[in-house]
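Going down the list, the sequences are from chains W and E.
Per the UniProt record's numbering: the first sequence = residues 1 to 333.
Per the UniProt record's numbering: the second sequence = residues 1 to 333.
There are 2 protein chains.
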Amino acid sequence: MELIKDLGEHELLRRLRKYCHPNLVGDDGAVFKVSEGMELVVSSDMLVENVHFSDRTTPPYMVGWRSVAANLSDLAAMGAYPLGITVALSLSPQTPWDWLESLYQGMKDCLDRFDTFIIGGDLTGGKVSAITEWRCAIAITALGEVKANQKILRNTAQTGDVIVTTGNHGLSRAGLEILLYPEKYQDLQENIKQKLILAHQKPQPRLDVIPRLHPYAPITGMDSSDGLADAIIQICQQSNKGARIYLDKIAPCAEILHITDDATALKWTLFGGEDFELVLCLSPEKAEKLIKGDRPLIKRIGEITEEKPIILIDNSNPDSEVLLDSNEIFNHF
Amino acid sequence: MELIKDLGEHELLRRLRKYCHPNLVGDDGAVFKVSEGMELVVSSDMLVENVHFSDRTTPPYMVGWRSVAANLSDLAAMGAYPLGITVALSLSPQTPWDWLESLYQGMKDCLDRFDTFIIGGDLTGGKVSAITEWRCAIAITALGEVKANQKILRNTAQTGDVIVTTGNHGLSRAGLEILLYPEKYQDLQENIKQKLILAHQKPQPRLDVIPRLHPYAPITGMDSSDGLADAIIQICQQSNKGARIYLDKIAPCAEILHITDDATALKWTLFGGEDFELVLCLSPEKAEKLIKGDRPLIKRIGEITEEKPIILIDNSNPDSEVLLDSNEIFNHF
């Protein structure tokens, strides 16, 4: 087995170059253009082994895919199109080359899907400066561009705005459960199992939705990387508003209900995280048009209120009111 | 003693916000403008405790200063002016708050010197997502802008170009030596000791020189973060040229000769690294004007040749020819 430490820096850089933008030269920095009239959006992330991913649940290809997806999702959450990413790595010298190759292949495949590239990093400086005796850490900075009036911010929600989400929530968390306890789910239908695992291992940032939002700008929102509940709470806090969310509109997917009880399924749907969907707020008229054009991908889940609390409304039980609170969100279920 | 883990994420972010750009809001990404007609320059770095710095030789304030200086130097090496940096951190929960505060103060003081800011990072996402049980890792991405025709690249050196450097080399390495073996240098003159230690702990990226280079664009070059010899070799390799370097023009500083023998002093001067000076190549006419206007900061050390080898020329011993080679640079001394 080839180990990183046996390859030497020069050979390592040579091998990794094919995963990067073809124009990437070994200079002190990468140079590129932001389109005229566009603003630059920058987002940084550090993923650490055994904290953000583990070999147990995530093969290196998937670690690469997910780390890129998370960063592209941050761009989508701002309404921005990707210009490229930079990658800085801290690796153990004992890391097998195969592991690193799979990591980069995963990054590249996710980038390819969205026509973007690795444009720089600690590799381009001519040194892999961060080889340590320790576990892997991956620092990614995503660069994107957006027209000023098409920026999606968190703090601009208005009373009466309709709250919509793309896609479904809780699937990634359900997939993780299957990966953590495979023996428990060995009799599960294969197509359900694969769908949930794929949701966890190869999430899709919602860049596909961005062009369809342009006619309705400006829109408030963010991604649901830390969970649907977190996104709603962040938007309300930063906009100094509250919200009413309809429980029947955020009912867990059938696939999730296949593998767990109702209460757990709702918990995963609200707090699971890493589904990388968008949670957006816009006026009722705009929301109606957007939903009409994008059914069933985009659906209405509630509305922004002037009063602060975020209330979960159960239509089948009109007397019940569950509050969503940032300090206690996990205590409600 | 306050530990990171006892502060909680919200309080930690609140405390760190004062070191960031005042307009920084907690959104998925930071948004800013690149000036019209300018290209974007991006450079990423990861610094890992006990690999790139250690508490033994570098207090946290200096770690912060040096990590920012290294990244701003990458921008200077491209001829670019800083727009800001992003910072992503991996910290042990056992990290004392005081340590983190000093780290950020060091980063901020270095940024202030060059009128720039922390504009984003893993902090802005509303989570310190990378707290681990392990040593500290700091990932910095520096963003800068440059006019297309003022870019400084490594691969454009021409035969006959004069090679110049800013400042002095080897001082940072000498400062490290004093920090590593303080007992050995306890009788050293205080002003020399302080100068060398400062060169190691608070290096100055050469952004001050960039505006003075504009009249002579385009210029070839890079910074000497990995050593003077490395910079010369990188430029020659990427430009497919060789060089003649005059040993008397790269003679070690008096301060270095105060603390070590001639051979070691020359070794530190050529290979020490982390002086963050610029090594530049330009036509003899342009070089003459640049040096004239900036003496003694900028000085001529050699010239680019068509023939590949990089020759160190000792005028006092015309028969000697020492070759500088990327695979053997350490073996020549």
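Idealized CB from N, CA, C, for every residue including glycine.
Q) Exposed or buried, which one is K193 of chain W when buried takes at least 16 other CB atoms within 10 Å? A) Looking up residue 193 of chain W in the first sequence gives position 193. With 16 or more other Cβ atoms within 10 Å, it is buried.
Q. Cβ of S239 of chain W within 8 angstroms of Cβ of A157 of chain W?
A. One-based indexing of the first sequence puts residue 239 of chain W at position 239. One-based indexing of the first sequence puts residue 157 of chain W at position 157. Yes; because the gap between Cβ atoms is below 8 angstroms, this pair is in contact.
Q. How many angstroms separate the CA atom of A199 of chain E from the CA atom of S172 of chain E?
A. For the purposes of this step, residue 199 of chain E is taken as residue 199 along the second sequence, with counting starting at 1. For the purposes of this step, residue 172 of chain E is taken as residue 172 along the second sequence, with counting starting at 1. Distance between the alpha carbons of A199 of chain E and S172 of chain E: 5 angstroms.
Q) Below 8 angstroms between beta carbons: does that hold for G121 of chain E and T86 of chain E? A) Along the second sequence, read from residue 1 onward, the residue named residue 121 of chain E stands at position 121. Along the second sequence, read from residue 1 onward, the residue named residue 86 of chain E stands at position 86. In this structure, G121 of chain E places its C-beta atom within 8 angstroms of the C-beta atom of T86 of chain E.
Q: Answer with buried or exposed for K184 of chain W, where buried requires no fewer than 16 other C-beta atoms within 10 angstroms of its C-beta.
A: Taking the first sequence and counting its residues from 1, the one referred to as residue 184 of chain W is at position 184. Its Cβ having fewer than 16 others within 10 Å, K184 of chain W is exposed.
Q) DSSP beta-bridge partners for V209 of chain W? A) Within the first sequence, residue 209 of chain W is the residue found at index 209, counting from 1. Checking the DSSP bridge columns, you'll see V209 of chain W has no partner listed.
Q: Output yes if chain W places a C-beta closer than 8 angstroms to the C-beta of F271 of chain E; else output no.
A: Your numbering for residue 271 of chain E matches position 271 in the second sequence. So no, F271 of chain E is outside the interface.
**Q.** Close-in-space but distant-in-sequence residues of the same chain around S102 of chain E (CB under 6 angstroms, 5 per side omitted)
**A.** In the second sequence, the residue the question calls residue 102 of chain E occupies position 102. Hits under 6 angstroms: P60 and Y61.
Q. Is S172 of chain E close to chain W, meaning its C-beta is less than 8 angstroms from at least one C-beta of that chain?
A. One-based indexing of the second sequence puts residue 172 of chain E at position 172. So no, S172 of chain E is outside the interface.
Q) Smallest Cα separation from A139 of chain E: which of W:L47, W:R206, W:E145 and W:V162? A) As a first step, residue 139 of chain E is located in the second sequence; it is residue number 139 there, counting from the start. The shortest Cα separation from A139 of chain E among W:L47, W:R206, W:E145 and W:V162 belongs to W:L47.
Q) Does the distance from the C-beta atom of T305 of chain W to that of R244 of chain W stay below 8 angstroms? A) Translated into positions along the first sequence, residue 305 of chain W becomes position 305. Translated into positions along the first sequence, residue 244 of chain W becomes position 244. Result yes, Cβ atoms of T305 of chain W and R244 of chain W sit closer than 8 angstroms.
**Q.** Nearest-angstrom Cα separation, counted from L16 of chain W out to E2 of chain W
**A.** Position 2 of the first sequence, counting from 1, holds the residue named residue 2 of chain W. Position 16 of the first sequence, counting from 1, holds the residue named residue 16 of chain W. The alpha-carbon atoms of E2 of chain W and L16 of chain W are separated by roughly 15 angstroms.
Q: Please list the segments of the beta strand (DSSP E) lying wholly inside the region 195–275 of chain W, counting only runs of 3 or more residues, in order along the chain.
A: The qualifying runs are 220–223 and 242–246.
Q.
Tell me the residue span of the beta strand (DSSP E) that contains E39 of chain W.
A. Here residue 39 of chain W refers to the residue found at position 39 of the first sequence. M38 to V48 is the extent of the beta strand (DSSP E) around E39 of chain W.
(Q) From the DSSP secondary-structure annotation, give me the bridge partner or partners of Y81 of chain W. (A) Residue mapping note: residue 81 of chain W aligns to position 81 of the first sequence, counting from 1. For Y81 of chain W, which the question treats as bridged, DSSP gives the partners W:E145.
Q. Can residue 334 of chain W and I119 of chain W be called in contact, C-beta distance under 8 angstroms?
A. Residue 334 of chain W lies beyond the residue range present for chain W, which begins at 1 and ends at 333; the question has no answer from this structure.
(Q) My assumption, with CB atoms under 8 angstroms, is that I163 of chain E sits in contact with M78 of chain E. Please give the rounded CB distance. (A) The residue labelled residue 163 of chain E in the question sits at position 163 within the second sequence. The residue labelled residue 78 of chain E in the question sits at position 78 within the second sequence. At roughly 18 angstroms, the Cβ-Cβ gap does not stay under 8 angstroms, so I163 of chain E and M78 of chain E are not in contact.
Q) Would R154 of chain E pass as a contact of Q234 of chain E if the rule is Cβ separation under 8 angstroms? A) Along the second sequence, read from residue 1 onward, the residue named residue 154 of chain E stands at position 154. Along the second sequence, read from residue 1 onward, the residue named residue 234 of chain E stands at position 234. Cβ distance < 8 angstroms, so R154 of chain E and Q234 of chain E count as in contact.
Q: Measure the Cβ-Cβ separation of P203 of chain W and A69 of chain W and say whether it is below 8 angstroms.
A: Residue 203 of chain W sits at position 203 when you count from the first residue of the first sequence. Residue 69 of chain W sits at position 69 when you count from the first residue of the first sequence. The Cβ atoms of P203 of chain W and A69 of chain W sit closer than 8 angstroms to each other.
Q) Is the beta carbon of L111 of chain E within less than 7 angstroms of some heavy atom of the ligand FAD? A) For the structure depicted, the ligand FAD is absent and the ligand set is empty, with no information on it obtainable.
Q.
Please confirm whether D55 of chain E has its beta-carbon closer than 8 angstroms to some beta-carbon of chain W.
A. Walking along the second sequence from the start, residue 55 of chain E turns up at place 55. At a cut-off of 8 angstroms between C-beta atoms, D55 of chain E does not count as an interface residue with respect to chain W.
Q) Within the 8 angstroms Cβ cut-off, does F32 of chain W reach chain E? A) Here residue 32 of chain W refers to the residue found at position 32 when the first sequence is read from its first residue. Yes, contact with chain E.
Q) Along the chain, where does the alpha helix (DSSP H) that runs through E101 of chain W open and close? A) By one-based count along the first sequence, residue 101 of chain W stands at place 101. Looking at the DSSP string, the run of the alpha helix (DSSP H) that includes E101 of chain W is W97 to R113.
Q | Closest residue to I210 of chain W among W:G272, W:I250, W:L266 and W:L72 (Cα-Cα distance) | A | Mapped onto the first sequence, residue 210 of chain W falls at position 210. Considering only W:G272, W:I250, W:L266 and W:L72, the residue with the shortest C-alpha distance to I210 of chain W is W:L72.
Q.
List, in chain order, every chain E residue whose beta-carbon is nearer than 8 angstroms to that of V41 of chain W.
A. As a position in the first sequence, residue 41 of chain W is number 41, starting the count at 1. Per Cβ cutoff of 8 angstroms: G29, A30 and V31.
**Q.** Inter-residue spacing [alpha-carbon to alpha-carbon] between N315 of chain E and A251 of chain E
**A.** One-based indexing of the second sequence puts residue 315 of chain E at position 315. One-based indexing of the second sequence puts residue 251 of chain E at position 251. In a straight line, the C-alpha of N315 of chain E is about 12 angstroms away from that of A251 of chain E.
Q.
By the DSSP assignment, the beta strand (DSSP E) with R56 of chain W in it spans what residues?
A. Position 56 of the first sequence, counting from 1, holds the residue named residue 56 of chain W. Counting along the chain, R56 of chain W falls outside any beta strand (DSSP E), and DSSP gives it neither H nor E.
Q | Pair within 8 angstroms by beta-carbon distance, E303 of chain E and G160 of chain E | A | Indexing the second sequence from 1 puts residue 303 of chain E at position 303. Indexing the second sequence from 1 puts residue 160 of chain E at position 160. Their beta carbons are under 8 angstroms apart, which means E303 of chain E touches G160 of chain E by this criterion.
Q. Does the distance from the C-beta atom of L196 of chain E to that of T57 of chain E stay below 8 angstroms?
A. Locating residue 196 of chain E in the second sequence gives position 196, where the first residue counts as 1. Locating residue 57 of chain E in the second sequence gives position 57, where the first residue counts as 1. The answer is no: Cβ separation not under 8 angstroms.
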